[in-house]
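The next block holds one structure in the form of structure tokens; read it before the comments.
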Amino acid sequence: MAISKDEVKYIANLARLGLTEPEVEHFREQLGDILGYVDKLKKVDVSGMSPMAHVLDIKNIYRPDNISPSIAPEKILKYAPQHEGSFFKVPKVIE
Amino acid sequence: MTNIKYEPVIGLEVHVQLKTKTKAFCGCANEFGSKENTNICPVCLGLPGSLPVLNAQVLVGAARVALALDCTIRHFIKFDRKNYFYPDLPKNFQISQFDMPLSENGHLDIKVDGISPKRIRIKRVHLEEDAGKLMHPEGSISSLVDFNRAGTPLLEIVTEPDIYSPEEAYAYLSDLKLMLQYLDISDCDMEKGSLRCDANISIRPAGETKLGTKAELKNMNSFKAVKAALEYEIKRQAQSLDAGERIVQETRLWDEKKEVTLPMRSKEEAHDYRYFPEPDLPPFTFTDADIEGMRNSLPELPQQRLRRFVENFGLGEKDAAVLIADKELADFFEACVEIYNEPKKISNWISGPVLFNMNSRNSSFGALRLTPGHLTDLICLVEDGTVSNLVGKDILAQMLAAGSAPKDIVREKNLAQVSGADELNEIIEEVIAANKKSVDDYACGKENALMFLVGQVMKRSGGKANPKVARSLLAERLKRT
Ligand SMILES: [Zn+2]
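Those sequence lines, one after another, are chains A and B.
Per this note's numbering, the very first residue in the first sequence carries number 1405; after that it's consecutive.
Per this note's numbering, the very first residue in the second sequence carries number 113; after that it's consecutive.
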């Protein structure tokens, strides 16, 4: 299935990716190939089969409501691009 | 200006944090008010390689709410990823539920203005996780992020558009909150953000069945704010329509100070969340027996308690409603009845003087430090005539201030009612001597004068005279003049 350049740009924007024009064309082809494969899968007869919610045949995996130690903030904050005190710091976002 | 009457159609979306010990998918403490970024781990920060595991208490708590709202619980549920970017969302997706939510199709029967019953249908109740918290320091070019809240279990409760006035919205929220408090699954504290409410509202000409274009209202920090925002929005939309304008579908924020709703400043991108099944969590299943077991373990809910108070204790519907509206108060009432089996008298004291003191002190019931034993002792002192009703109320105020026992206050302050003829006659003589005119009036047949004189006796005794005894002694004495 073909996909338009605008669709590629839209998806890139949702994923916060900045693409150059050649990249847009490059991914347009790649994504088109993927969708083409999905089209092929769509032709498989799945009548009588129920949709799968998980790839493994497992269910009901819980943990008890017990506290386990958290991580010291400084161990994580040192990997953040910016922090202030124990806060992560990001460019200002306004509601 | 036209004269079209409009009717609002409102749907509410409530988010409520479950008060489990730990977060939904990791063992970090689920705690409000901790120092920033101290309750975080690779799972709730979405670090590569980490895997979420569902907290068993979360699913049970959520299912209890769904059952209390008479929702149908799914036998097979799954979680999905809701994808979007925002700095408070560490994984860039929120674990939520899309097409196989925990439960659907319930209802809550509410009482509008405490009287008129109305059924609000619940569209769905599903589980998700909360995001972190953003702070925007004044004047700074940066925002600060605290991820302690990220991964807190959150229940989303969505109504059908069954709410037709701001008053109904208020009643729904109050009754829902009360039910959640009875279930003991959340603090329901809007100031701390453990209960939040967004509203969808549109208006249409009265009688029209097609829905109008809706606005989504956010940023209301109290039930009163929800009501005020809805009231404002109804007027705004009506004015737009009357002016021949079209309503734009948009998100608007309630501005508490200006008391207006304003469109969100940031350009809202068309929501495209690209939901897909969360591959890191398996599906969950409930058997009929599981569901019945949970249903049977539900505690008594507010409306059931109201019925019981009316039927077992002979209380009026209104009095019972006052008591059940505060779980602590209702528990206290029952503890009192156990000590002193006079439910009506106790109910009157609680909904009268006790609530009066709560309101005038602007305090919660818990902060009053009133024990069931102290209140029932006080009621007994009034009932056996040791103190008058009026003095009883005074004693209550002193009990609350000092946390002391009523009997001690009566003894210390010498408040016991004076019913003895000797003491009262002395006061009566003084009153007669000082109020010649009223005495004459009474002699001339003016009955009112007697009441005035009784009042003077009460005053002179410092409120301690037994009014009934005083009245009959006075009447007798005046016959002899
Ligand atoms: Zn964690």
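Every residue gets a Cβ at the ideal spot worked out from N, C-alpha and C, and that includes glycine.
As the structure is a prediction and not an experimental result, all values here were calculated from the model.
Determine the DSSP secondary structure at residue 193 (chain B), reduced to helix, strand or coil.
strand
Is residue 316 (chain B) helix, strand or coil when you go by DSSP?
strand
DSSP state of residue 338 (chain B), grouped into three classes?
helix
Name all residues in chain order for which at least one heavy atom of ligand 1 lies closer than 5 Å to the residue's CB.
B:138, B:140, B:153, B:155 and B:156
Three Cβ pairs or more, each shorter than 8 Å: is that satisfied between the region 228-248 of chain B and the region 1473-1487 of chain A?
With the cut-off at 8 Å, the region 228-248 of chain B and the region 1473-1487 of chain A do not touch.
Output the residue ranges of the alpha helix (DSSP H) runs that lie fully inside the region 1458-1492 of chain A and measure 4 residues or longer, sorted by chain position.
1477-1481
Can you find a C-beta in chain A that's less than 9 Å from the C-beta of residue 396 (chain B)?
Yes, its Cβ sits closer than 9 Å to a Cβ of chain A.
Residue 573 (chain B) versus residue 540 (chain B) - alpha carbon distance
Taking the straight line from one Cα to the other gives about 10 Å.
For residue 550 (chain B), the three-state DSSP class (helix, strand or coil)
helix
In terms of alpha-carbon separation, which member of B:409, B:189, B:132 and B:201 lies closest to residue 167 (chain B)?
B:132
What residues in the region 1448-1459 of chain A have a beta carbon less than 8 Å from any beta carbon of chain B?
For the region 1448-1459 of chain A, which is checked against every Cβ of chain B, the residues closer than 8 Å are 1457, 1458 and 1459.
Tell me whether residue 1408 (chain A) is buried or exposed, calling it buried when 16 or more other Cβ atoms sit within 10 Å of its Cβ.
exposed
Pull up the CB-CB distance for residue 152 (chain B) and residue 1474 (chain A), whole angstroms please, since I reckon it's below 8 Å.
Sure, about 6 Å apart at Cβ, within 8 Å.
In or out: residue 479 (chain B) buried (at least 16 other Cβ within 10 Å) or exposed?
exposed
With a 10 Å radius around its C-beta and 16 neighbouring C-beta atoms as the bar for buried, classify residue 353 (chain B) as buried or exposed.
buried
Starting from the Cα of residue 130 (chain B), find the closest Cα among B:199, B:500, B:117 and B:144 and give me that residue.
Nearest of B:199, B:500, B:117 and B:144 to residue 130 (chain B), Cα basis: B:144.
Using the Cα positions of residue 370 (chain B) and residue 274 (chain B), report the straight-line distance between them to the nearest angstrom.
29 Å
Hey, does residue 183 (chain B) have any beta-carbon neighbour from chain A nearer than 9 Å?
no
If I measure Cβ to Cβ from residue 334 (chain B) and keep anything under 6 Å in the same chain, skipping five residues before and after, which residues do I get?
302
Cβ of residue 1486 (chain A) less than 9 Å from any chain B Cβ?
yes
Along the chain, which unbroken stretches of the beta strand (DSSP E) at least 3 residues long are found entirely within the region 260-301 of chain B?
265-271
Using a threshold of 9 Å, state whether the C-beta atoms of residue 493 (chain B) and residue 458 (chain B) are closer than that.
Cβ atoms of residue 493 (chain B) and residue 458 (chain B): not closer than 9 Å.
Skipping 5 residues on each side, what residues in its chain have a beta carbon closer than 7 Å to that of residue 134 (chain B)?
140, 141, 142 and 167
Please determine, among B:565, B:137 and B:592, the residue with the shortest C-alpha to C-alpha distance to residue 580 (chain B).
B:565
State the Cα-Cα distance for the pair residue 207 (chain B) and residue 1479 (chain A), rounded to the nearest angstrom.
25 Å
Cβ closer than 7 Å: which chain B residues qualify as neighbours of residue 1497 (chain A)?
199, 246 and 255
Could I get the ranges of all uninterrupted alpha helix (DSSP H) runs contained in the region 376-427 of chain B, with 4 residues as the minimum, in chain order?
400-408 and 414-425
Taking the alpha carbon of residue 600 (chain B) as the reference point, which residue from B:324, B:171, B:201 and B:397 has its own alpha carbon closest?
Look at the range of chain B in this structure, 113 to 593, and you will see that residue 600 (chain B) is not part of it.
Can you name the residues that DSSP bridges to residue 332 (chain B)?
DSSP, once it has assigned bridges, lists B:309 as partnering residue 332 (chain B).
Roughly how many angstroms lie between the CA atoms of residue 220 (chain B) and residue 181 (chain B), to the nearest whole one?
6 Å
Residue(s) in a DSSP beta bridge with residue 188 (chain B):
B:397
Proximity winner among B:469, B:481 and B:531, relative to residue 505 (chain B) (alpha-carbon distances)
B:469
Output yes if chain B places a C-beta closer than 9 Å to the C-beta of residue 1463 (chain A); else output no.
yes
Do we get a CB-CB distance below 9 Å when we pair residue 389 (chain B) with the residues of chain A?
yes
Residue 1493 (chain A): contacting residues in chain B (beta-carbon distance under 8 Å):
254, 255, 256 and 257
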